[in-house]
Amino acid sequence: MTSPLPPDDLDRRLVIATQAGLPLVPRPYDLLAEQLGVSPDEVKRRLAAMLDAGRIRRIGAVPNHYAIGYTANGMSVWDVDDARIAELGETIGRLDFVTHCYERPRALPDWPYNLFAMVHGHDRATVLAHIDEIAALLGPACRSHDVLFSSAILKKAGLRIGES
Amino acid sequence: MSTPARPAPAALDELDRRIINALQGGFPISDEPYREVAESLGTTEAELLARLERLLADKVLTRFGPMFQIERLGGRFVLAAQAVPEDRFAEVTELVNALPEVAHNYRREHRLNMWFVLATETPDGIADATRRIEAATGLPVFAFPKLREFFVDMRLKA
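Protein chains in written order, with the working numbering: chain U, 13 to 176; chain L, 740 to 897.
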């Protein structure tokens, strides 16, 4: 699944050229092509191929959740029967208020939870109502759960490739 | 505490909201993609570009562009947490945030009260960053690498 990019690879250079964002000019792919010394068609072909391969999830905007009104975010964590987590994780991930959903290892005895679902809402009461919906869907396959509200953003940067 | 405050919800008009909602989907790979999107929203290319610039400057959008799947590019993202004593919280925040590998860091209400994402260009970088944080802070790091990712629609309606 992993295939590190050689330093001179065009895909890697495209990642570095666009990780801060797509240029806000009428012909953004032409500008990238000029910066990278390749043709606009090559840039578009590479980006399309990276989308197809899943190396790019999508091209688009990432809103700040707080700024668009989702001021409550709770990381809900669940101790789910290992035999059923594959099926139940799919169900929970499909809920429209869940933006991330992962199976992660437990850290016993401190941390019994193996399913993480990030729940967003306009306030805490809404988030808690969503948590109840998840609890009902999991039913007896879930032994215990908790919700960790965020109370401060301490850092928000993102991965930077090729700057170390 | 020397930490960034969370922004208040922004004042957005109806076109801002439609732009944010439309651009969370797929953006065209074509010669004039902004013009295409502007036409589908009933506005002009110049207006769309001006609004995108403003939404980014005001931090309503944290970014606009390709979203890379880091694992498929050879890198790693790992969620990790620490139980930080209250009287050391500000100091530990500075120590943890000082590592370039720490991409996001949130305070959360739990005994494990500091949750951060380590992002590295190679898989080996994670263990190294974890060791450096433990050495700098004297506190154990609980690492929660993802075992399985369930499909989600990441869009939130503005």
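For every residue, glycine included, the Cβ atom is placed at its ideal position computed from N, Cα and C.
task: Report the neighbours of L:LEU874 on chain U: residues whose CB is nearer than 7 Å to its CB, in chain order.
output: Taking the first residue of the second sequence as position 1, residue 874 of chain L is located at position 135. Per the sequence shown, the amino acid found at residue 874 of chain L is Ala instead of Leu. By Cβ distance, chain U contributes nothing, its closest Cβ being about 19 Å from L:ALA874, past 7 Å.
- prompt: So, L:GLU833 versus L:ALA858, is the Cβ gap smaller than 8 Å?
  reply: Indexing the second sequence from 1 puts residue 833 of chain L at position 94. Indexing the second sequence from 1 puts residue 858 of chain L at position 119. No Cβ-Cβ contact shorter than 8 Å links L:GLU833 with L:ALA858.
task: Please go through the stretch 104-176 of chain U and give each complete beta strand (DSSP E) segment of 3 or more residues, from N-terminal end onward.
output: Runs found: 110-115, 127-133 and 154-168.
U:ASP42 to U:ARG25 span [Cα, whole Å]: Position 30 of the first sequence, counted from the start, is the residue given in the question as residue 42 of chain U. Position 13 of the first sequence, counted from the start, is the residue given in the question as residue 25 of chain U. The alpha-carbon atoms of U:ASP42 and U:ARG25 are separated by roughly 15 Å.
field: Reduced DSSP category for U:ARG70 - H, G, I as helix; E, B as strand; rest coil
entry: As a first step, residue 70 of chain U is located in the first sequence; it is residue number 58 there, counting from the start. Assignment of U:ARG70 by DSSP, reduced to helix, strand and coil, places it in the strand class.
query: If you draw a straight line from the C-alpha of L:ALA749 to the C-alpha of U:SER88, how long is it?
result: In the second sequence, counting from the first residue as 1, residue 749 of chain L sits at position 10. In the first sequence, counting from the first residue as 1, residue 88 of chain U sits at position 76. CA-CA distance, L:ALA749 to U:SER88, rounds to 26 Å.
Chain A residues whose Cβ lies nearer than 9 Å to that of L:GLN763: Among the protein chains of the structure shown, namely U and L, there is no chain A.
- prompt: the stretch 801-815 of chain L: which residues have C-beta closer than 9 Å to a C-beta of chain U, in chain order?
  reply: Those residues of the stretch 801-815 of chain L that come within reach of chain U (Cβ to Cβ, closer than 9 Å) are THR801, ARG802, PHE803, GLY804, PRO805, MET806, PHE807, GLN808, ILE809, GLU810, ARG811, LEU812, GLY813, GLY814 and ARG815.
Per DSSP, cross-strand counterpart(s) of L:GLN821: Within the second sequence, residue 821 of chain L is the residue found at index 82, counting from 1. BP columns for L:GLN821 point to L:MET853.
query: Are the CB atoms of L:ALA882 and L:ALA819 nearer to each other than 8 Å?
result: Here residue 882 of chain L refers to the residue found at position 143 of the second sequence. Here residue 819 of chain L refers to the residue found at position 80 of the second sequence. Between L:ALA882 and L:ALA819, the gap from beta carbon to beta carbon is short of 8 Å.
message: Give me the residue from U:LEU140, U:ILE68, U:ALA98 and U:VAL27 with the minimum Cα distance to L:GLN808.
response: The residue labelled residue 808 of chain L in the question sits at position 69 within the second sequence. Among U:LEU140, U:ILE68, U:ALA98 and U:VAL27, the Cα nearest to that of L:GLN808 belongs to U:ILE68.
field: Interface partners of U:VAL110 on chain L, CB under 7 Å
entry: Looking up residue 110 of chain U in the first sequence gives position 98. By Cβ distance, chain L contributes VAL891.
- request: Taking the CB atoms as reference points, tell me whether U:GLY105 and U:VAL159 lie closer together than 8 Å.
  value: In the first sequence, counting from the first residue as 1, residue 105 of chain U sits at position 93. In the first sequence, counting from the first residue as 1, residue 159 of chain U sits at position 147. Against a cut-off of 8 Å, the Cβ pair of U:VAL159 and U:GLY105 comes out as no contact.
message: Between U:ILE71, U:ASP122 and U:LEU149, which has its C-alpha nearest U:THR103's C-alpha?
response: Stepping through the first sequence from its first residue, residue 103 of chain U is reached at position 91. Ranked by Cα distance from U:THR103, the first of U:ILE71, U:ASP122 and U:LEU149 is U:LEU149.
field: C-beta atoms of U:THR30 and L:GLY804 nearer than 8 Å
entry: The count along the first sequence starts at 1 and reaches residue 30 of chain U at position 18. The count along the second sequence starts at 1 and reaches residue 804 of chain L at position 65. Yes, Cβ-Cβ distance for U:THR30 and L:GLY804 is below 8 Å.
- prompt: With contact counted as at least three CB pairs below 8 Å, one residue from each stretch, are the stretch 770-788 of chain L and the stretch 753-762 of chain L in contact?
  reply: By the C-beta criterion, the stretch 770-788 of chain L is judged to be in contact with the stretch 753-762 of chain L, since at least 3 inter-stretch pairs fall below 8 Å.
- prompt: Which one or two residues does DSSP pair with L:MET806 in a beta bridge?
  reply: What you label residue 806 of chain L is simply residue 67 of the second sequence in a count that begins at 1. Note: L:MET806 is bridge-paired with U:ARG70 in the DSSP secondary-structure output.
query: What's the gap between the Cα of U:ALA129 and the Cα of L:ARG894?
result: Here the question's residue 129 of chain U lines up with position 117 in the first sequence. Here the question's residue 894 of chain L lines up with position 155 in the second sequence. Their Cα atoms are separated by approximately 15 Å.
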